[in-house]
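Protein chains in written order, with the numbering used here: chain A, 6 to 491; chain B, 478 to 597; chain C, 64 to 480. Glycine is no exception: its CB is placed at the ideal position from the N, C-alpha and C atoms. Structure, as structure tokens:
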């Protein structure tokens with residue numbers, strides 16, 4: 006290897022983007038590739054958005070090493086990158102006497118994992134914080150460090166910051182081959198070929214989510230077979246927001262953390278996920294099902310009263326990449342230069358910042374002996390996306406005086422203005438979803454009924470495209486067809 | 478002999494009327510008032526409709542101006558009208574009531590603009 | 064921050080708001096009409112079909128023409144319209160309305176506030192229909208906006224879910240403008256729209272209407288590819304196993320209900336759970352004596368003419384409040400009886416002012432007796448259906464009778480005959 010190391014990261018989800026950003030802190034050439042047209046559009050955008058306490062992963066597991074650490078790192082990360090984190094705490098709830106020993110087990114595990122502040126709370130305490138909890142709740146394991154965030158914003162802002170620090174971002178490119186050569190270390194990474202270009206490189210970080218096994222296969226490197234595990238969700242209107250304040254878990258089964266009830270960062274209530282193991286060829290199947298949605302309703306109704314499903318804002322399904330060992334697969338492989346950050350099932354989001362540090366410190370530096378030079382011009386800070394407070398007209402007045410487009414409200418449900426949408430486009434949004442995820446315009450109860458046409462118009466104007474070229478997201482997702490009158 | 482079922486729309490009752498058509502003779506059953514008979518016979522012999530649609534506008538704040546026929550035109554001419562409307566291009570500003578076609582298909586009715594379009 | 068003191072502030076420049084503002088001004092009050100779009104008219108601007116104005120103007124007009132009549136009245140009466148103003152907050156204690164526009168924040172201080180904020184469309188995701196979430200699914204109003212105002216079709220082959228009027232109108236519009244509309248599905252055993260629209264939007268174009276049918280699954284990852292339809296039992300609305308069938312289409316148009324919008328005030332005014340809108344009395348007054356409401360944010364109306372009349376009623380009452388102060392004439396609750404669904408008003412003021420009841424029957428009836436009282440009005444109506452509101456005038460004489468009878472509540476019911 007001559008000169009500075011060249012790294013290609015495959016997969017712009019939370020794991021890939023945080024690793025890529027970490028790499029840009031050093032004199033390394035970093036290229037990040039994703040088949041989707043924006044960051045965070047795979048597993049990252051459809052999950053529970055929880056920063057887990059990290060108390061329940063087995064100490065001897067890979068995830069156990071990263072979960073609690075990653076959780077802690079989110080405080081600094083959110084300050085640097087400007088995305089929101091709310092440390093609202095979580096309860097694992099026992100509704101039956103026989104579940105209480107499990108809570109005590111969690112206390113022990115928490116200690117072993119170095120998670121502090123955990124306690125077992127009584128019914129009164131839980132009800133005080135969550136007035137609508139099923140009153141038959143017996144006790145709850147309380148973890149104050151658990152929180153919620155917007156996972157796609159973690160990825161989007163990590164990418165933006167990494168690009169400011171010199172990373173090359175290549176969304177909308179599909180990796181087709183990993184080229185190898187023979188060297189002293191045996192089979193060695195030479196380059197990555199996508200459907201659009203070829204990138205020569207020394208290292209490949211495989212953070213390809215559901216397709217990490219396929220990517221590894223291209224390199225002839227080991228990665229266990231990943232099958233998708235589907236989780237279906239129902240999102241309820243923020244009108245119902247006050248009925249719970251913490252993340253609520255049932256006592257888990259051996260397979261899953263269960264169907265949860267939790268607040269979202271912008272005040273709604275998220276219910277889910279279910280856990281259905283699918284076939285390896287179903288990695289594009291994000292359909293919701295009558296059975297899955299019924300399961301979400303039934304299980305959450307058992308935990309919390311007052312869930313008004315007529316206030317459903319959205320239903321969706323996410324897929325987690327699951328392997329037979331139910332653990333992360335991180336580290337070097339038999340192909341020199343090909344490094345896995347794969348099988349990122351729960352708590353992948355939580356662990357991601359710690360994994361990023363690990364890849365640099367333990368894998369590249371320690372294990373592979375790379376001498377990496379830290380840059381003194383790395384800028385960790387990303388200006389947050391402009392937001393306006395719901396309830397402070399003085400701030401609105403100031404913002405409008407700075408830029409009158411802050412006075413043009415486009416998304417009426419969430420009060421998102423034209424200035425914010427234009428800024429999102431300036432910072433990388435090219436599609437309706439790109440605008441939506443960066444600004445929350447279109448996330449509200451009318452689901453674009455009032456704002457879709459206007460957002461599309463602004464995109465068309467800013468991107469200088471005809472209105473019927475505007476898409477929702479990757480692929481064949483244009484909004485409109487032909488003209489009425491040519 | 479042809480049988481047709483037509484729902485009368487003259488009043489909210491919405492009688493379901495059956496018509497037996499034998500050449501020029503039409504036998505009506507199921508109406509609860511004479512208006513039903515009249516409506517169905519008209520519907521069979523000479524159905525007419527008011528048509529609303531759009532025409533292209535250039536240099537306007539909207540790309541289209543909505544239009545309507547000022548009276549009910551024969552139903553079988555509807556798609557012919559739409560084809561004619563495809564050829565139209567008005568220049569902004571466009572005012573309500575502006576005539577797009579005079580005496581459409583010799584019906585005595587015009588096609589007029591129903592929504593003003595200011596210049597861009 | 065600008066501060067504007069005004070007699071009356073009307074929020075929402077659609078049919079109800081324009082009517083209220085005109086009435087207020089004609090009665091000598093100083094009124095400002097605020098509107099978040101760049102012009103008044105609301106949905107009327109995009110409803111290019113006709114059928115508006117039969118009651119109010121005794122003419123059949125298209126939506127834009129109806130709006131234009133009011134825009135002229137607004138001009139003629141020199142009503143101040145503040146377009147491009149978005150309301151951030153209504154403060155019930157300070158009696159202030161905070162808005163934002165391109166020039167900054169404005170704090171309006173009205174003596175009377177008239178809320179005419181209309182309704183929104185129920186979105187697809189609220190139906191919780193399983194399957195994918197592809198491009199090509201639109202509520203009818205959004206499709207209408209793209210077609211009539213922006214000159215674009217939403218797709219090539221469409222299916223319509225919901226036989227409410229807007230769905231029927233769009234079935235015709237899309238067909239006329241070159242799309243292939245494959246059918247309309249309606250969950251209920253009877254159609255949701257006016258008979259005239261069934262005839263002139265569906266039958267005219269041989270678009271089949273499938274009653275007791277709904278969409279149970281959506282397919283196509285990126286773009287809609289097909290929908291699964293299924294039949295439902297007519298009374299219990301349960302899906303009937305084995306009746307599933309797939310329809311290939313790239314566009315799904317939804318007309319599955321309108322939801323009154325009262326986000327600005329619903330935290331502090333009373334909302335009726337059946338109307339899903341703000342509760343008003345016979346003066347269009349809400350539970351706060353300085354706040355009035357009219358139009359689709361009170362209940363979902365079927366004719367814009369009724370919305371105009373309600374707007375006028377609200378304007379009248381707001382003017383009286385501004386000029387004479389709040390007068391408590393006493394009021395009695397109005398209660399729903401058999402076969403009555405949406406109903407407004409829900410309180411009857413015991414003065415002489417006349418008003419109209421607007422009632423939606425809960426089911427189809429060839430003949431029904433609308434009973435108000437008991438003993439105040441009995442009226443037989445023909446061809447009752449949920450999609451067509453019944454309007455009943457209450458006169459000063461009726462009010463006299465109500466007082467004489469010493470009624471403590473008014474029961475409104477429809478008896479099947």
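Whole-Å CB distance - residue i paired with residue j, under 8 Å assumed
i: residue 236 of chain A; j: residue 278 of chain A; result: 2 Å
i: residue 48 of chain A; j: residue 323 of chain A; result: 7 Å
i: residue 66 of chain C; j: residue 170 of chain C; result: 5 Å
i: residue 362 of chain C; j: residue 388 of chain C; result: Wrong, their Cβ atoms sit about 28 Å apart, outside the cutoff.
i: residue 210 of chain A; j: residue 344 of chain A; result: 5 Å
i: residue 129 of chain C; j: residue 107 of chain C; result: 6 Å
i: residue 365 of chain C; j: residue 450 of chain C; result: 7 Å
i: residue 546 of chain B; j: residue 565 of chain B; result: Wrong, their Cβ atoms sit about 14 Å apart, outside the cutoff.
i: residue 455 of chain A; j: residue 183 of chain C; result: 7 Å
i: residue 228 of chain C; j: residue 266 of chain C; result: Not quite, the Cβ-Cβ distance comes to about 15 Å (not below 8 Å), so this is no contact.
Beta-carbon gap between residue i and residue j smaller than 8 Å
i: residue 540 of chain B; j: residue 109 of chain C; result: no
i: residue 301 of chain A; j: residue 275 of chain A; result: no
i: residue 79 of chain C; j: residue 320 of chain C; result: no
i: residue 322 of chain C; j: residue 278 of chain C; result: no
i: residue 173 of chain A; j: residue 22 of chain A; result: no
i: residue 484 of chain B; j: residue 258 of chain C; result: yes
i: residue 306 of chain A; j: residue 134 of chain A; result: no
i: residue 175 of chain C; j: residue 420 of chain C; result: no
i: residue 94 of chain C; j: residue 88 of chain C; result: yes
i: residue 72 of chain C; j: residue 160 of chain C; result: yes
i: residue 179 of chain C; j: residue 137 of chain C; result: no
i: residue 233 of chain C; j: residue 316 of chain C; result: yes
i: residue 352 of chain A; j: residue 57 of chain A; result: yes
i: residue 100 of chain A; j: residue 139 of chain A; result: yes
Exposed unless 16 or more other CB atoms sit within 10 angstroms - verdict on residue i
i: residue 155 of chain A; result: buried
i: residue 98 of chain C; result: buried
i: residue 492 of chain B; result: buried
i: residue 370 of chain C; result: buried
i: residue 203 of chain A; result: exposed
i: residue 188 of chain A; result: exposed
i: residue 481 of chain C; result: Residue 481 of chain C lies beyond the residue range present for chain C, which begins at 64 and ends at 480; the question has no answer from this structure.
i: residue 365 of chain A; result: buried
i: residue 16 of chain A; result: buried
i: residue 186 of chain A; result: exposed
i: residue 120 of chain A; result: buried
i: residue 218 of chain A; result: buried
i: residue 312 of chain C; result: buried
Closest Cα partner of residue i within the set the options
i: residue 207 of chain A; options: A:448, A:53 and A:192; result: A:192
i: residue 503 of chain B; options: B:479, B:584, B:534 and B:570; result: B:479
i: residue 127 of chain C; options: C:105, C:391, C:434 and C:403; result: C:105
i: residue 432 of chain C; options: C:402, C:383 and C:457; result: C:402
i: residue 193 of chain C; options: A:149, A:297 and A:107; result: A:297
i: residue 161 of chain A; options: A:240, A:131 and A:45; result: A:45
i: residue 163 of chain C; options: A:219, A:180, A:358 and A:423; result: A:423
i: residue 416 of chain C; options: C:435, C:474 and C:394; result: C:394
i: residue 445 of chain C; options: C:468, C:438, C:458 and C:477; result: C:477
i: residue 231 of chain C; options: C:241, C:248, C:186 and C:172; result: C:248
Counterpart residues of residue i in DSSP-defined beta bridges
i: residue 416 of chain A; result: A:421
i: residue 147 of chain A; result: A:96 and A:124
i: residue 220 of chain C; result: C:243
i: residue 194 of chain C; result: A:293 and C:281
i: residue 174 of chain A; result: A:37
i: residue 145 of chain C; result: C:97
i: residue 125 of chain C; result: C:113
Residue i Cβ short of 7 Å to the ligand ADP heavy atom set
i: residue 375 of chain A; result: The ligand ADP is not part of this structure, which contains no ligands at all.
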